[in-house]
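Numbering (this note's numbering), first residue to last: 2 to 382. Just so you know, even glycine gets a beta-carbon here, dropped at the ideal spot from N, CA and C. To start, the structure under review is shown below, and the notes come after it.
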Amino acid sequence: MPISYQGGLDKVIWPAERNGEYTVKTGYSVKKSLENRSIQKSPSSSHNIAESTWRKIWSMKVPKKIRNFLWRVCSNSIATNFLLWKRKLKGTPCCPFCENVEETPEHVLLLCPWTKCVWFGIALGCRIDRESVTTFDKWYENIALDKGCKRESDYIYIMVGYTCWNIWKERCKAIFEHKEPDPSKVLDQIRRGVAESMDLLNIDKLVDNIQKRRQQWEPPEEGWLKMNCDGAFKDAEDDSGIGVVIRNEDAKVVAGLNKTVKVNSSLMAESLAVREGLKLAVNLHVPKLMIEVNSQVLVRNLTNYEKGDWEIEPIVEDIKSLLGNFEDSRVRWITREANQAADWLAQQSKRRLSIENWVNKPPLSFVNILSRDGLPTPPSA
């Protein structure tokens, strides 16, 4: 772990918290994690939900109430007759419509006869195979983990989410109003909900694409230099790389560096890139410097006064000290698309590829990256 050039006192840190300070919340979390690990090592018949299932549920482009509902379904915590019966809150565990089958989450949402019309009526045209349904989360993975493009996968997850949610709503409504569920009404509600979510998904993607198209490297203001920094990290066992490019208001490369480093995280690599870049800029006697990185976490560490991430705290102290050498300086976040030059240098260093005198004689691949910004490049010969 890199240490600060300025030294400093040794201190105890709590690694479970980013700022290194102990909190009861993270202490409890670590304790529960260790207990769960111990339980998992012993023989058990308990069912564990795949982490990928949780990630997909919480990333779905649907209302929060549907994500929360699917989480409760997978956790077997929706108020089915079977669950209420187990807690001695219901006289029977059976389905109110079938009357002779236990009402589990799988039965309510997938196997109850009236839901067959719903699943077959949606755009996916699903036919639920009773023998293939063990637990809801396993079925969810099989039906929704599409192997095609991401857009199709998003559509499948959205469709399944709305279908489950509206089946449950209709089930509850039918019980309270003492009538049979109506599959046609459920299908109408599903179609409307899916259409709204897909419209929002398309808008989000359109805005994201527009922002990416607009975000490219821009020359600094007159009298300023701009320093782009990036780090390339794979894992702590392998080499990592850092890259720095300094350009002037005419978009000409003034200076830069790239080197191989040993670090424990991508955040550490990016912070080292800034520190090494600032040392270079100080030696150039730069009066005003704009620093750009594509790590929002690092920008927060450099611009906020509260305690930041403990693992880069010594490096951040050096960076703040080095910033005092300039008449004026600014730090800002940019997208990776606007930071490709520094990223390219960092990647070369990670691979231990030596690039000599690239500031004056850049290799063709680096020239192409600078050219994609629509900017002048250093002479290649």
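Item: State the beta-bridge partners of N385 as determined by DSSP.; Value: Since the first and last residues shown for the chain are 2 and 382, residue 385 lies out of range.
Item: Can you name, in chain order, every residue of its own chain whose Cβ lies under 6 Å from the Cβ of V74, other than the five neighbours on each side?; Value: P106, F137
Item: Taking one C-beta from the stretch 242-260 and one from the stretch 340-355 each time, how about it: are there three or more such pairs within less than 8 Å?; Value: yes
Item: Is any non-hydrogen atom of the ligand ADP found closer than 7 Å to the C-beta of L90, if you look at the structure I gave you?; Value: No copy of the ligand ADP appears in this structure; indeed no ligand is present at all.
Item: From Q41 to Y29, what does the alpha carbon distance come to, in whole angstroms?; Value: Any reading at Q41 needs caution, since the residue's pLDDT is 47, under 50, leaving its predicted position unreliable; the model's value is listed next. Going by the C-alpha atoms only, they are around 18 Å apart.
Item: Using beta-carbon positions only, say whether D251 and P288 come within less than 8 Å of one another.; Value: no
Item: Does R352 come out as helix, strand or coil in the three-state DSSP assignment?; Value: coil
Item: Determine the direct distance from the alpha carbon of G309 to that of K227, and round the result to whole angstroms.; Value: 25 Å
Item: Use the C-beta contact count for A124: other C-beta atoms within 10 angstroms, 16 or more gives buried, fewer gives exposed.; Value: exposed
Item: Less than 8 Å between the beta carbons of V1 and E271, yes or no?; Value: Here the chain covers residues 2 to 382 and nothing more, so residue 1 does not appear.
Item: Looking only at its chain, what residues have a beta carbon closer than 6 Å to the beta carbon of W334, apart from the 5 residues adjacent to it on each side?; Value: Q297, V300
Item: With DSSP collapsed to three states, give me the class of W218.; Value: coil
Item: For L332, report the span of its beta strand (DSSP E) as first-last.; Value: It should be pointed out that residue 332 corresponds to Val in this sequence rather than to Leu. Element bounds for V332: 329-334.
Item: Suppose the cutoff is 7 Å on Cβ atoms and the five residues either side in sequence are ignored; what does the same chain contact list for A175 look like?; Value: E181, P182
Item: Verify whether the separation of the beta carbon atoms of A1 and L279 is less than 8 Å.; Value: The structure shown has nothing for residue 1, since the chain only spans 2 to 382.
Item: Please state whether DSSP places E100 in a helix, a strand or coil.; Value: coil
Item: Using only the alpha-carbon positions, how far apart do Q217 and W55 sit?; Value: 35 Å
Item: Going by alpha carbons, who is nearest to S266 out of K260, I313, N305, C230?; Value: I313
Item: Give the range of the beta strand (DSSP E) segment to which T261 is assigned.; Value: 254-262
Item: Within 10 angstroms of its Cβ, does N358 collect 16 or more other Cβ (buried), or is it exposed?; Value: exposed
Item: Taking Cβ positions, are M291 and W345 nearer each other than 8 Å?; Value: no
Item: Can you grab the Cα-Cα spacing for the pair W120 / N259, in whole Å?; Value: 56 Å
Item: Since A342 contacts N167 with CB under 8 Å, what's their CB separation in whole angstroms?; Value: At roughly 50 Å, the Cβ-Cβ gap does not stay under 8 Å, so A342 and N167 are not in contact.
Item: Would a C-beta distance cut-off of 8 Å place W115 and P184 closer than the cut-off?; Value: yes
Item: Given this structure, state the Cα-to-Cα distance separating R128 from V102, to the nearest angstrom.; Value: 20 Å
Item: Which partner residues of S267 appear in the DSSP bridge assignment?; Value: DSSP lists no partner for S267.
Item: Cα-Cα, which of V317, V31, N82 is closest to E100?; Value: N82
Item: For L71 and C165, which I take to be in contact (beta-carbon distance under 8 Å), what is that distance rounded to the nearest angstrom?; Value: 7 Å
Item: Below 8 Å on the Cβ atoms is my guess for I191 versus Y156; work out the distance and round it to an integer in Å.; Value: With a Cβ gap of about 13 Å, I191 and Y156 do not count as contacting.
Item: Just the C-alpha distance for K66 and C173, rounded to the nearest angstrom, thanks.; Value: 16 Å
Item: Are there 16 or more other CB atoms within 10 angstroms of the CB of S330, so buried, or fewer, so exposed?; Value: buried
Item: What three-state label does DSSP hand C118 in the structure shown?; Value: helix
Item: Have a look at S198 and K87 and give me their C-alpha separation to the nearest angstrom.; Value: 36 Å
Item: Which of the three DSSP states, helix, strand or coil, is assigned to C95?; Value: strand
Item: If I measure Cβ to Cβ from W140 and keep anything under 6 Å in the same chain, skipping five residues before and after, which residues do I get?; Value: V134
Item: With distances taken Cα to Cα, identify the nearest neighbour of L303 among V283, R337, L268.; Value: L268
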